[in-house]
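So for the sequence shown, our numbering puts the first residue at 3; every next one is plus one. In this text, a Cβ means the ideal position worked out from N, Cα and C, and glycines have one as well.
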Amino acid sequence: MRGLIGHPLGHSYSPIIHKSIIDKEYKLYDLTKEEMIKLLKEKNFDSLNVTIPYKEKVIPYLDELSEAAKKIKAINCIKNFNGKLIGHNSDYDGFMWLLKNNDINLDNKNVAILGSGGSSKAVKSVVETFKTKNIYLVSSSNKENTISYEDLYNLSNINCIINTTPVGMYPNMDESVIDISKFKGLEVVVDIIYNPFRTKLLVDAINHNIKAVGGIDMLVAQGVKAVEFFDDIKIEDYKIKEVINKIVNDKRNIVLIGMPGSGKSTIGKMLSTKLNMEFKDTDELIEKETNMEIKDIFKLYGEEKFREIEKNVIKSLQDKSSCIISCGGGIIKDIENINYLRKNGVIIYLDRDIENIYLNDKRPLTQNKDDLIRLYKERLPLYKKYSDYIIENNKDAIDAIKQIEMEINL
3 MRGLIGHPLG HSYSPIIHKS IIDKEYKLYD LTKEEMIKLL KEKNFDSLNV
53 TIPYKEKVIP YLDELSEAAK KIKAINCIKN FNGKLIGHNS DYDGFMWLLK
103 NNDINLDNKN VAILGSGGSS KAVKSVVETF KTKNIYLVSS SNKENTISYE
153 DLYNLSNINC IINTTPVGMY PNMDESVIDI SKFKGLEVVV DIIYNPFRTK
203 LLVDAINHNI KAVGGIDMLV AQGVKAVEFF DDIKIEDYKI KEVINKIVND
253 KRNIVLIGMP GSGKSTIGKM LSTKLNMEFK DTDELIEKET NMEIKDIFKL
303 YGEEKFREIE KNVIKSLQDK SSCIISCGGG IIKDIENINY LRKNGVIIYL
353 DRDIENIYLN DKRPLTQNKD DLIRLYKERL PLYKKYSDYI IENNKDAIDA
403 IKQIEMEINL
């Protein structure tokens, strides 16, 4: 028996990670505290990964701790070696790999670590290897050697914030643990949550032009290091990147934005077929929900009502994965739409020259060429601002798809 124990587990990428590395069965075990204790006492397992809330609670039932586990005082993997339960912490290696892979140097920085649980201890141990100015451990539970969130807001010199709390994790994706706009010297935000790929905290950082890094790198790296511990083998670092790319490409949404007539639906459907991903068209979803055509919604209720319906539809897509999403041309008028789409998606602007865009009577805001030119000038800066990648679509759809594949490493 090999798998992950925790409660509640919900969605986990751990089985994908382990099966990508080694050919052994791996399952999820959502256990109560009593069930966890019973499992450890009976020792009927090979190896276990451990997640919240048991990273510290398992320690009394183990026979031996690795040096990393002793230092961190938290466990995320257990090996049953001839009846002896050995605890280890690979979160340390995972977080160190995240920092190196994203070129984050914490020397001479003031660092705030949000949370005081098992994950925060591993993160703090890594941060302590740098020549930081100050390290602040922030907790809402008034634990020893921590400061409160109110205290943190009184510090104006924070350069790096690292979230180790579960706030913002699926399904509570609209939550954020802190308001980063209060920190004027902030340079980088790291959130070790990996579902969604970008939490609200990270989306807020992006909107403030602050470097934002999610937890998928740490998750995969610690998983690889756990397998090394379980099976006493060495796995090359390139394998970590391979598994990260596999998970991201399998689970991430590809979001297409651009002017009406820029090819979003055509290219989206072709990508959907090629990549075996579900296709979503926000305009089609709106028409299905209202049982009305877009032009009739505009005619009867006006643009403001349409945008309200559109926002609700886009919000319903924020927790979807493995989708190609073709968006209406005006979604960039409300940044909340972008925030929803960014959480699990890469946003691609399909840029088509205005002379190559054809008018369509189904598009209520572009009834003539003058309307089209006006909208293009109004929206172009927003398309560029909110996109992760810009793809020129003035040739054929196949050419645009090739560009997309190259840009996002498909």
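Grouping DSSP H, G and I as helix and E and B as strand, with all else coil, what is residue i?
{"i": "leucine 42", "result": "helix"}
{"i": "serine 183", "result": "helix"}
{"i": "serine 49", "result": "strand"}
{"i": "lysine 379", "result": "helix"}
{"i": "aspartate 105", "result": "coil"}
{"i": "asparagine 251", "result": "helix"}
{"i": "valine 191", "result": "strand"}
{"i": "phenylalanine 199", "result": "coil"}
{"i": "asparagine 395", "result": "coil"}
{"i": "tyrosine 155", "result": "helix"}
{"i": "phenylalanine 232", "result": "helix"}
{"i": "isoleucine 54", "result": "coil"}
{"i": "aspartate 219", "result": "helix"}
{"i": "aspartate 176", "result": "coil"}
{"i": "asparagine 165", "result": "strand"}
{"i": "tyrosine 28", "result": "coil"}
{"i": "tyrosine 351", "result": "strand"}
{"i": "aspartate 283", "result": "strand"}
{"i": "tyrosine 15", "result": "coil"}
{"i": "asparagine 358", "result": "helix"}
{"i": "asparagine 209", "result": "helix"}
{"i": "glycine 270", "result": "helix"}
{"i": "glycine 225", "result": "helix"}
{"i": "leucine 415", "result": "Any property of residue 415 remains undetermined from this structure, which presents the chain solely from 3 to 412."}
{"i": "leucine 374", "result": "helix"}
{"i": "isoleucine 256", "result": "strand"}
{"i": "leucine 412", "result": "coil"}
{"i": "isoleucine 149", "result": "strand"}
{"i": "isoleucine 23", "result": "helix"}
{"i": "isoleucine 237", "result": "coil"}
{"i": "isoleucine 160", "result": "coil"}
Measuring alpha carbon to alpha carbon, tell me which residue in the options is nearest residue i.
{"i": "threonine 12", "options": "Lys40, Thr53, Ile24, Asn278", "result": "The question names threonine, but residue 12 is glycine in the sequence shown. The shortest C-alpha separation from glycine 12 is found at Thr53."}
{"i": "aspartate 372", "options": "Asn104, Ile356, Val60, Gly187", "result": "Ile356"}
{"i": "methionine 220", "options": "Ile88, Val129, Asp95", "result": "Asp95"}
{"i": "isoleucine 400", "options": "Leu319, Tyr388, Lys271", "result": "Lys271"}
{"i": "isoleucine 326", "options": "Glu289, Thr275, Asp25", "result": "Thr275"}
{"i": "serine 323", "options": "Asn346, Lys387, Ala70", "result": "Asn346"}
{"i": "methionine 408", "options": "Ile392, Ile194, Glu305", "result": "Ile392"}
{"i": "aspartate 336", "options": "Asp298, Tyr388, Gly304, Ser328", "result": "Tyr388"}
{"i": "glutamate 312", "options": "Glu289, Lys301, Arg381", "result": "Glu289"}
{"i": "isoleucine 160", "options": "Asp181, Leu319, Glu177, Lys86", "result": "Asp181"}
{"i": "tyrosine 155", "options": "Ser183, Glu130, Val129", "result": "Ser183"}
{"i": "aspartate 233", "options": "His20, Lys307, Tyr15, Glu305", "result": "His20"}
{"i": "methionine 175", "options": "Tyr342, Glu66, Asp398", "result": "Tyr342"}
{"i": "lysine 293", "options": "Met279, Ile137, Phe308, Ser127", "result": "The sequence given here places asparagine at residue 293; lysine does not occur at that position. When each option's Cα is compared against that of asparagine 293, the closest is Phe308."}
{"i": "leucine 30", "options": "Ser14, Lys282, Gly260", "result": "Ser14"}
{"i": "isoleucine 256", "options": "Lys45, Asp390, Leu67, Thr166", "result": "Asp390"}
{"i": "glycine 331", "options": "His9, Ile194, Ser267", "result": "Ser267"}
{"i": "phenylalanine 185", "options": "Asp298, Asp193, Ala207, Tyr303", "result": "Ala207"}
{"i": "threonine 131", "options": "Met98, Ser122, Ser158, Ile149", "result": "Met98"}
{"i": "methionine 3", "options": "Ile194, Tyr28, Glu238, Pro55", "result": "Tyr28"}
{"i": "proline 55", "options": "Gly8, Leu67, Asn91, Glu37", "result": "Gly8"}
{"i": "glutamate 280", "options": "Ile406, Leu87, Ser328, Phe231", "result": "Ser328"}
With C-beta atoms as the reference, is residue i less than 8 Å away from residue j?
{"i": "cysteine 79", "j": "leucine 50", "result": "yes"}
{"i": "valine 245", "j": "lysine 213", "result": "no"}
{"i": "tyrosine 360", "j": "glycine 263", "result": "yes"}
{"i": "proline 173", "j": "aspartate 321", "result": "yes"}
{"i": "alanine 114", "j": "isoleucine 163", "result": "yes"}
{"i": "isoleucine 334", "j": "arginine 381", "result": "yes"}
{"i": "isoleucine 242", "j": "valine 226", "result": "yes"}
{"i": "phenylalanine 47", "j": "asparagine 84", "result": "no"}
{"i": "lysine 135", "j": "asparagine 112", "result": "yes"}
{"i": "valine 169", "j": "tyrosine 151", "result": "no"}
{"i": "aspartate 153", "j": "lysine 133", "result": "no"}
{"i": "valine 348", "j": "arginine 254", "result": "yes"}
{"i": "lysine 57", "j": "alanine 76", "result": "yes"}
{"i": "lysine 35", "j": "lysine 72", "result": "no"}
{"i": "valine 179", "j": "asparagine 165", "result": "yes"}
{"i": "aspartate 353", "j": "glycine 260", "result": "yes"}
May I ask you to verify whether the stretch 28-41 touches the stretch 235-249, counting CB pairs closer than 8 Å and requiring at least 3? no
As an exercise, report each continuous alpha helix (DSSP H) stretch of at least 4 residues that is fully enclosed by the stretch 287-347, in chain order. 296-317, 337-344
Where in the stretch 56-130 do unbroken runs of the alpha helix (DSSP H), each at least 4 residues long, occur, reported from the N-terminal end onward? 69-74, 93-103, 120-129
Decide yes or no for the touch test of the stretch 135-148 against the stretch 109-127: beta carbon pairs closer than 8 Å, at least 3 of them. yes
Touching or not, the stretch 102-110 and the stretch 193-212, by the rule of three or more beta carbon pairs under 8 Å? no
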